[in-house]
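Every letter in the first sequence is one number past the one before it in our numbering, and letter 190, counting from 1, is 190. Quick reminder that beta carbons are idealized off the backbone N, C-alpha and C, glycines included. This one's a predicted model, so the numbers in the text were calculated from it and none came from an experiment.
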Amino acid sequence: MANLDGAKTNLIINYLPQTLSDEDFRSMFLSIGPIKSCKIIRDKNTLYSYGFGFVDYQSPGDAARAITTLNGLSMENKRIKVAYARPNDENSKGANLYVCNLPKHYREEELMDQFQKYGSIVQTRVLVNQVTGQSKGVGFVLFHKKCDAESAMADMDGKTPPGGDQPFSIKFADDNAKKVRPPPGSQNFQHPAYSQGPRFPYSGGMGNHGPMRNPGNRFRYNPMGGGAGNFGNNYGNYNNGYGSGMGGSGMMGQQNQGHILFVYNIGYDADEKTLWQLFAPLGTVQKVNVIMDHAKSQCKGYGFVTMTNYDEAQHAIDCLNGYVFNGKQLSVSFKS
DNA sequence: TTATATT
């Protein structure tokens, strides 16, 4: 719902500790003043905290004071962030532009200069090669309002900026977590589980944890897509969390909450597809999560994979921990 | 090198 007042009273709280209870969350923010509502955003089934929440104060003054008082507060080796929430209306969604063919000398400032005449900009970002620092010629312009983003795109798409030698190509940016694009080098990507050669360190010598054990159970994960190496987009349909080994009668509708793996060094271009490709062939994957730096529209280089069955999770560790993927050595372990 | 930026 669009509410003008909400812009002044409604706060988003980021970087909440996983263990923070709803009660403690409420008390902490009630200490500033009366609130209309508050909630920690959690997984519907498991109640696992997503690490952020909302607090809507009755008075704008208390909201402002909550920011002053509580932003940056240390809680269990994290620092919470308290800021105004974006208004939850259509005009603020989809206001992020993806701009290609930037002149190579462009940084955030030059991008800002070119686009700020269309409206108020939250942030600009230019992607650079992590090693050389060279611009990739690609960036993001996030406007406060979608209509400003639309005007900017209409006017600037196909135009060559002063000092540039190519016309801008402008699109709306994808949702961070949902974009499906082949990871770099995926044309040659060969899953370690299918390898028989020595370049995949964990493909042999693992006894009955060898990668191809129980092969008849391996390919149930992609009803839409075609086969291994050709992944469809409907990842959400792979399974429902009721994995094998759940027994029947005694569970009373509870579901196996799965085993969470920490996967480090997946690269800054990784997305959810990357993790599905790596893990789905090794067992039942409930969900994957690539941790994004939302300010940069980039992966932070790690993610989490929840697998239903313990033995398959251990198998995935055996296969993938230490495996060199896109030139980086993966680290795969049970989440601590 | 162990989480989550829009309900």
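Using C-beta distances below 8 Å, list every residue in its chain close to Q58, excluding the 5 sequence neighbours before and after it, in chain order.
Hits under 8 Å: T9, G33, P34, I35, K36.
Sort out for me which residues DSSP pairs L11 with in a bridge.
Bridge partners of L11: V55, Y84.
Supposed contact pair N265 and K328 - C-beta distance, whole angstroms, cut 8 Å:
Yes, K328 and N265 are in contact; Cβ-Cβ is about 5 Å, under 8 Å.
To the nearest angstrom, report how far apart P223 and N71 are at their CA atoms.
Unreliable positioning characterises P223 in this predicted model, as indicated by a pLDDT of 28, which lies under 50. The coordinate reading is nonetheless provided below. For P223 and N71, the distance between alpha carbons rounds to 45 Å.
Exposure of P162, with buried meaning 16 or more beta-carbon neighbours within 10 Å:
By the 10 Å Cβ count, P162 comes out exposed.
Taking 6 Å as the limit between beta carbons, can you name the residues of its chain near N14, skipping five residues before and five after?
Within the same chain, N14 has close Cβ partners F52, K81.
If the criterion is Cβ atoms closer than 7 Å, does the pair V128 and S135 meet it?
With contacts defined as CB atoms closer than 7 Å, V128 and S135 qualify as a contacting pair.
Who are the Cβ neighbours of E109 in its own chain at under 6 Å, not counting the five residues just before and after it?
Excluding sequence neighbours, E109 sits near nothing in its chain.
In chain order, what residues of the same chain lie with their CB nearer than 8 Å to the CB of M153, ignoring the 5 residues before and after it?
If we look at M153 and ignore the five residues flanking it on each side, its Cβ neighbours are L97, I170, K171, F172.
Are the CB atoms of L142 and V122 nearer to each other than 7 Å?
In this structure, V122 lies closer than 7 Å to L142 by Cβ.
Have a look at the DSSP bridge pairing and note the partners of N96.
As DSSP reads the structure, N96 sits in a beta bridge with L142.
Strand pairing of L261, partner residues [DSSP]:
DSSP lists V305, F334 as partners of L261.
Burial state of L330 (16 or more Cβ within 10 Å)
Taking every protein chain shown into account, the CB of L330 has 16 or more other CB atoms within 10 angstroms, so this residue is buried.
Look up T124 in the DSSP assignment and say whether it is helix, strand or coil.
Annotated three-state conformation of T124 is strand, per DSSP.
In terms of residues, what are the limits of the alpha helix (DSSP H) holding S21?
For S21, there is no enclosing alpha helix (DSSP H), since its DSSP letter is neither H nor E.
Contacting residues, own chain, Cβ-Cβ under 8 Å from G345 (five flanking each side not counted):
Because the chain in this structure spans residues 1 to 336, residue 345 falls outside the shown range and cannot be described.
Could you have a look at K44 and say whether DSSP puts it in helix, strand or coil?
Here K44 sits in coil by DSSP.
Please report the distance separating the alpha-carbon of F262 from that of I40.
Pairing F262 with I40, the inter-Cα distance amounts to about 23 Å.
For G258, tell me which candidate among M307, E272, Y268 has the shortest Cα-Cα distance.
The shortest C-alpha separation from G258 is found at M307.
Pairwise C-alpha distance: G137 and N361
It is not possible to answer for residue 361, since the shown part of the chain is limited to 1 through 336.
Kindly list the residues whose CB is nearer than 8 Å to the CB of F304, restricted to its own chain and excluding five residues on each side of it in sequence; keep chain order.
If we look at F304 and ignore the five residues flanking it on each side, its Cβ neighbours are I260, L261, F262, V263, V288, N289, I291, K335.
How would you write the range of the alpha helix (DSSP H) that Q114 sits in, first residue to last?
The continuous alpha helix (DSSP H) containing Q114 extends over residues 108-115.
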